[in-house]
Amino acid sequence: MSRLIIVSNRLPVSVEKRAGAVSVKGSVGGVATGLGAFHAVHDSLWVGWAEVAERRLSGEERESIRTQLKSDHRCVPVFLTAGDVKDFYAGFSNGTIWPLFHHFAQYTQFDSDNWAAYERVNRKYRDAVLEVAEPGDTIWVQDYQLMLLPQMLREKLPDARIGFFLHIPFPSYEVFRILPWRREILEGLLGADLIGFHTYDYVRGFLSSARRILSVEDQLGRMVIDERLVTAEAFPMGIDYERYSEGAASPAAQKQAERVRSGSLGRKIVLSADRLDYTKGIPERLAAYDAFLDRYPEWRNRVTLICVAVPSRTRVEEYRKLKERVEQLVGSINGKHGTIDWTPVRYLYRSLPFNALCGMYAAADVAFITPLRDGMNLIAKEYVAARRDDCGVLVLSEMAGAARELGEALQVNPYDMDAMVESLNAALLMPHEEQCARMASMQLRVSRYNVTRWAEDFLSSLEHVKLMQLSYDSHRLHEPARDRLVKAYRDSESRLIMLDYDGTLVPFADTPWAAAPPRQLHSLLRDLAAHSRNEVVVISGRERTSLEEWLGDLPIDLVAEHGVWLRGRDGQWVTAEPMSDEWKPRVRSVLDMYVDRTPGSFVEEKDYSLVWHYRAIHRRLAEARVLDLKDELAGIADDLDLAVMEGNKVLEVKNARVNKGSAAHRWMGRGDGGFVMAIGDDRTDEDMFEMAPEDAWTIKVGGGATHARFSVRGVDEVRDLLARLVEADSDEAS
């Protein structure tokens, strides 16, 4: 298996320099805690910030640290200046990305200097990775501080296996679009082969933003970027389950749990444990606890809330204000409800050692975890793992990513004060049997999908994406295949060239009448058709009047409306078989209704077909409308022997017996054994590909499943290929 390089903002260890002495200690929290267990037992190298100011170290000390970290911890340090930390970390990462991605736009700063620092530091990480990366390595980039890094690495290592995982939410498009550097962030992420998120909601936000900002379309999370398959998927992160389960059973944790219980004098214990951050909803939680004691006075002196707030970003003004607000609320609740022998809220503003935290989990009857928005929330899972007696109740915010997995928790909207109060009361009153049943289900799930399983799942999916890329790449019409195609063309006595129009010869246009061929294409087709051995057929879904207007003066055959109309070089249009359009009024009334319901869509009427266009419609609305419309048309189509065909942003209703395959058979069915080439871009062209002889040069424009033997990226490659065929004829003539 290839070596894994993990890249994150911080290393799982940190470097300290005190009184001239340099030491290394373990880091706590964040990605370091989550992936530390996986790193410890796998052949991986970890690249990240050493958490010591670069200016405090001499060149000799930096080299010594590099050697020690690599040999003892398999870590590669990145050294940042104080300015880097201020502008990149505190400025852009935590002053811009963190609040915006959590939907707190009111706290978001937009500073171009901070953005410049973000770019600069991502390049530092790139350079650190490039120093150690070897062919075949897997590079796994972590979290929001390094969203530019995948593309930076891709530019230097085009064939590398690169994954990215975002540990915070990805916002909705309406929020993400606020970011002035939105394109750069998306392009940076799309440098990865696999982009992972905690939940499908975050995947959907990312795909929507990529589609609407970069015009990148996806099929079930799969995108094609610069001829490379990129996939976005959900991987809900797990925890080191055994560590917390066994940790809660340790003598040190049990002693801590007993100390907490004895200090509560038999009262119920509700635990709130979070980093002090505005996303965690601590003031709202305290307000709900206050309202709970007001509404249910029978719980006074029978319950204690232990509120653990881990210090965070203490130099940031918003966080200082948040700390003051929390402390005011704690004081207010204790002053309002407390007695001489009962303190309703025990407030701990500090980080707890591991054993003390496990002891808290073990002692708490209820875990009250209600963030306003959270990528996952591993504390909820840690509480579940630490419950060795199979009881305890988890009250969990619907806004936490973990809520998708922990369905047995009492889930609550953290903005709904009444619901918070009632959920807390229900948790305290829950029968023991119900507690055990709910907890056992959550423990089974959390223990099975632990952090190791999560990491292995992601890396396995990354490997699968690379295999799919190879499969996709094997169908590409690369230069050797192009050379073989041109040779087969040159050596053949007869040549049949069948070409779709929209999406193949010309790019798609917003309206059907805006796709006239440019002069260069017109000349190219004329030159191609001029050779006596060539038979050129443009086979299109276009109505015949447009094809006649645009291409009628060329010595080529034309097929309109997916095979309904045929025109030879004599210029006479004939129908492929007797047709009727008596069905059109019935279908038109249905399509018109959908136009009224879907602003921006319209109906195009051809001689023997009707087309509903929805290119200008938001994708989610279009998907819903297409499903509804197909259902509504299904019965009509069966009654009238019609076919409902999906094309590129169109839904077409036409005679069921006619398609591009039946039309192509008129030329391909001659069986003269010459050179045959068919090029098209969408589902309607698959009939043509299936009809072609096995040795035909069938070419799909764009990605996706196809019956074609080869694929090209787009219209420009099609025109380039046709130009090479014309050039081959010119070389032969000379």
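Residue numbers (this note's numbering): 580 to 1313. The C-beta atom is built at its ideal place from N, Cα and C for all residues, glycine as well.
Query, Result
"Determine the DSSP secondary structure at Gln-1048, reduced to helix, strand or coil.", "helix"
"Pair every Cβ in the region 1061-1077 with every Cβ in the region 1255-1264, then say whether three or more of these pairs are closer than 8 Å.", "yes"
"What would DSSP say about Cys-886, mapped onto helix, strand or coil?", "strand"
"Just grab the DSSP bridge partners of Thr-1285 for me.", "In DSSP, Thr-1285 forms no bridge with anything."
"Would you report the Cα separation of Val-720 and Tyr-940, rounded to the nearest angstrom?", "31 Å"
"Which residue wins for smallest C-alpha separation from Arg-879, given the options Ser-843, Gly-860 and Val-895?", "Ser-843"
"Where does Tyr-1193 sit, in a helix, a strand or coil, going by DSSP?", "coil"
"Identify, in the order they occur along the chain, each residue of the same chain with its Cβ nearer than 7 Å to the Cβ of Gly-1240, setting aside the five sequence neighbours on each side.", "Asp-1266, Met-1267, Glu-1269 and Met-1270"
"Please state if the CB of Gly-1226 and the CB of Asp-1261 are separated by a distance shorter than 8 Å.", "yes"
"Could you give the C-beta distance for Leu-989 and Val-972, rounded to a whole number, given that I count them as a contact under 8 Å?", "7 Å"
"Assign Lys-604 to one of two classes, buried (16 or more other C-beta atoms within 10 Å of its C-beta) or exposed (fewer than that).", "exposed"
"Measure the Cβ-Cβ separation of Leu-936 and Ala-888 and say whether it is below 8 Å.", "no"
"For Ile-774, name the three-state secondary structure that DSSP assigns.", "strand"
"Specify the secondary structure class of Gly-1131 as computed by DSSP and reduced to three states.", "coil"
"Using CA coordinates, which residue listed in Tyr-668, Glu-987, Asp-805 and Ala-965 is at the minimum distance from Leu-975?", "Glu-987"
"Quick one: Cα of Arg-838 to Cα of Glu-1012, how far?", "26 Å"
"Looking only at C-alpha atoms, which of Glu-1306, Asp-780 and Leu-745 sits nearest to Ile-764?", "Leu-745"
"Whose CA, out of Arg-894, Arg-822, Asp-1220 and Leu-768, lies closest to the CA of Phe-933?", "Arg-822"
"Could you check the C-alpha separation between Leu-1130 and Gly-1147 for me, to the nearest Å?", "12 Å"
"Using the C-alpha atoms, what's the distance from Glu-1042 back to Arg-645?", "30 Å"
"Please classify Thr-1124: does DSSP put it in a helix, a strand, or coil?", "helix"
"In three-state terms, what does DSSP make of Lys-1066?", "helix"
"Look at the alpha carbon of Ser-829 and the alpha carbon of Arg-966, and state the distance between them as a whole number of angstroms.", "13 Å"
"Looking only at its chain, what residues have a beta carbon closer than 8 Å to the beta carbon of Gly-1150, apart from the 5 residues adjacent to it on each side?", "Gly-1131"
"Could you check the C-alpha separation between Leu-773 and Leu-1301 for me, to the nearest Å?", "35 Å"
"Quick one: what does DSSP say Gly-817 is sitting in, helix, strand or coil?", "coil"
"For Trp-1162, name the three-state secondary structure that DSSP assigns.", "coil"
"Would you call Met-802 buried or exposed, if buried means 16 or more other Cβ atoms sit within 10 Å of its Cβ?", "buried"
"Answer yes or no: do Ala-959 and Ala-946 have a C-beta to C-beta separation smaller than 8 Å?", "yes"
"From what residue to what residue does the alpha helix (DSSP H) around Pro-830 run?", "830-843"
"Once you ignore the five residues that flank Arg-756 on each side, which residues in its own chain have a CB closer than 8 Å to its CB?", "Ser-788, Arg-791 and Ile-792"
"Starting from the Cα of Phe-749, find the closest Cα among Arg-1024, Leu-679, Lys-1185 and Pro-591 and give me that residue.", "Leu-679"
"For the region 645-665 against the region 698-715, are there 3 or more C-beta pairs whose distance is under 8 Å?", "yes"
"Taking DSSP as the reference, what is the three-state secondary structure of Asp-873?", "helix"
"So with Cβ pairs under 8 Å, would you call Asp-1132 a contact of chain D?", "Annotation note: the requested chain D is absent from the structure, which comprises a single protein chain."
"Measure the C-alpha to C-alpha separation of Arg-1288 and Val-1065 and round it to an integer number of angstroms.", "16 Å"
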